[in-house]
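For what it's worth, the numbering used here labels the leading residue of the sequence shown as 13, then goes sequentially.
Beta carbons are placed, not taken as given, at the ideal position from N, Cα and C, and that holds for glycine.
To start, the structure under review is shown below, and the notes come after it.
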Amino acid sequence: MTRVFNFSAGPAALPEAVLRQAADEMLDWHGSGMSVMEMSHRGKEFISIHAEAESLLRKLLAVPANYKVLFMQGGAIGENAIVPLNLLRGKTKADYVDTGEWSKKSIKEAQRYCSVNVAASGKDSGYTRIPARAGWQLDPDAAYVHICSNETIGGVQYHWTPEVGAVPLVADMSSDILSRPLDVSKFGLIYGGAQKNVGPSGVTIVIVRDDLIGHASPACPSAFDYKLVADNDSMYNTPPTYAIYIAGLVLKWIEAQGGLPALEAHNRQKAALLYDYLDRTSFYKCPVAREDRSLMNVPFRLPDEKLDAAFLEGAQQRGMVQLKGHRSVGGMRASIYNAMPIDGVRALVAYMKEFEARHG
Ligand SMILES: *Cc1c(COP(=O)(O)O)cnc(C)c1O
């Protein structure tokens, strides 16, 4: 068996130890005689798996007691609608900060439910920076302020938490949740699909402050009403049981790595290897402003698009896959989430140097 270094933006690489444990437990979870996939979500076995995943998530992120942790379905794209359906609370407006492809998707979806004020946009910079807080035009009557903490496609990331006063701050953290410590109390709501940093696709993590629950619009599907989901411990309908189980194993793995401070240090080290090299060479170019560069998704371009196919092929031959940038921006993108070992980044930088020497 040969495992590749998988630089996919998502679904993304999982820790090998987690996959091995899941394989070991596939046919018989802890003497139950069943696979987790075959268990009733109401049985004591799965209830314990679910409770452990939730309590680990709470512990790792130090989630305050007045927040609910929900495991939902529908992905972050689903939440783009579920958030306004729950959080408008009779208001008609919401603020959105536009930092790239994923913010644009959130904005477009929210416009079906409310009037969106684009409080700031990275458009003028070609989405290569996060707009400085000083320039944001927030609406005091907005129901909430929405940001995307890490733009998975463009590779820009917030390295600060915006102060937005009394209006709840909402963040799509799909691609950087659990990659670094977080002050949850600064947010009204955080959501993210699991498939970048936390587990397989199918489960969406929602962390929501109690006072924002219980105000869903009558048009909100029951399965997406935060109150019904919270009151039923995320089991109002059948939850994505296997995805929650794997996410729980990943959370245990994160704890074993030393928790989020240790992971952040490791993630910074990995990103620095790549960015330091990108800054030293004139062959490759990273378009993103230094202070806003993502620690998770590193976009870069070759001097000529005609070299892209050869670069990707050479990478594949060396066991490095999924480096092609998103079709909307082109170029290359290395996604180096929690589960990417530093050896994978070292191998990539070594290959980039080799390719530069040959084609530069
Ligand atoms: C991947 C991603 C999404 C899409 O999530 P789905 O699970 O496909 O709905 C949304 N936002 C961000 C920031 C992402 O990285």
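query = DSSP puts Ile-219 in a beta bridge; with which residues?
reply = As a working note, residue 219 is residue 207 in the sequence shown. The partner list for Ile-219 (beta bridge, DSSP) reads Val-81 and Ile-202.
task = Taking 8 Å as the cut-off, decide whether the C-beta atoms of Leu-335 and Ala-351 are in contact.
result = Translated into the one-based positions of the sequence shown, residue 335 becomes position 323. Translated into the one-based positions of the sequence shown, residue 351 becomes position 339. Not closer than 8 Å, so no.
ask   = Helix, strand or coil: how does DSSP classify Arg-358 here?
value = Taking the sequence shown and counting its residues from 1, one reaches residue 358 at position 346. Arg-358 falls in the helix class under three-state DSSP.
query = What residues are listed by DSSP as bridge partners for Gln-281?
reply = Translated into the one-based positions of the sequence shown, residue 281 becomes position 269. DSSP, once it has assigned bridges, lists no residue as partnering Gln-281.
key: 7 Å Cβ shell around Glu-66 - same chain, five flanking residues per side excluded   = Translated into positions along the sequence shown, residue 66 becomes position 54. So the list reads Val-81, once near-sequence residues are dropped.
ask   = beta strand (DSSP E) containing Val-157: first to last residue?
value = To locate residue 157, count along the sequence shown from 1; it is residue 145. Here the beta strand (DSSP E) through Val-157 covers 157 to 160.
ask   = Should Asp-136 go down as buried or exposed, given a rule of 16 or more other Cβ atoms within 10 Å for buried?
value = The sequence position of residue 136 within the sequence shown is 124, counting from 1. Flag for Asp-136 reads exposed.
task = Figure out for me which residue from His-158, Ser-127, Ala-228 and Asp-223 has the closest Cα to the Cα of Ala-77.
result = Taking the sequence shown and counting its residues from 1, one reaches residue 77 at position 65. Among His-158, Ser-127, Ala-228 and Asp-223, the Cα nearest to that of Ala-77 is on Asp-223.
task = Could you please give the first and the last residue of the uninterrupted beta strand (DSSP E) stretch that includes Ala-88?
result = Within the sequence shown, numbered from 1, the residue matching residue 88 stands at position 76. First-last for Ala-88: 87 to 99, but that is the alpha helix (DSSP H), not the beta strand (DSSP E).
task = Tell me whether Tyr-349 sits in a helix, a strand or coil according to DSSP, three-state version.
result = Within the sequence shown, numbered from 1, the residue matching residue 349 stands at position 337. It is coil, neither helix nor strand.
ask   = DSSP state of Pro-152, grouped into three classes?
value = Counted from its first residue, the sequence shown places residue 152 at position 140. In the structure shown, Pro-152 sits in coil (DSSP, three-state: anything other than H, G, I, E or B).
request  = Using alpha carbons as the reference points, say which of Val-176, Val-333, Ala-183 and Val-241 lies closest to Tyr-363.
outcome  = Reading the sequence shown from its first residue, position 351 is the one you call residue 363. Among Val-176, Val-333, Ala-183 and Val-241, the Cα nearest to that of Tyr-363 belongs to Val-333.
query = CA-CA distance, Asp-107 and Ile-219?
reply = Looking up residue 107 in the sequence shown gives position 95. Looking up residue 219 in the sequence shown gives position 207. About 19 Å.
task = Kindly give me the distance between the Cβ atoms of Leu-275 and Val-196, rounded to whole angstroms, as I take these residues to be in contact under 8 Å.
result = Residue 275 sits at position 263 when you count from the first residue of the sequence shown. Residue 196 sits at position 184 when you count from the first residue of the sequence shown. Not confirmed; about 16 Å, so no contact.
task = Take the Cβ of Asn-244 as the centre, count every other Cβ of all protein chains shown within 10 Å, and call the residue buried at 16 or more, exposed below.
result = As a first step, residue 244 must be located in the sequence shown, where it is residue number 232. Exposed, since its Cβ has fewer than 16 Cβ neighbours within 10 Å.
Close Cβ partners of Ser-229 (< 7 Å) along its chain, the five nearest in sequence each way excluded = For the purposes of this step, residue 229 is identified with residue 217 of the sequence shown, where counting begins at 1. Around Ser-229: Leu-97 and Leu-100.
inquiry  = Taking 7 Å as the limit between beta carbons, can you name the residues of its chain near Arg-70, skipping five residues before and five after?
reply    = Walking along the sequence shown from the start, residue 70 turns up at place 58. Excluding sequence neighbours, Arg-70 sits near Val-81.
8 Å contact criterion, which Leu-319 and Tyr-296 should meet: CB distance rounded = Numbered from its first residue, the sequence shown carries residue 319 at position 307. Numbered from its first residue, the sequence shown carries residue 296 at position 284. Not really, about 10 Å apart at Cβ, beyond 8 Å.
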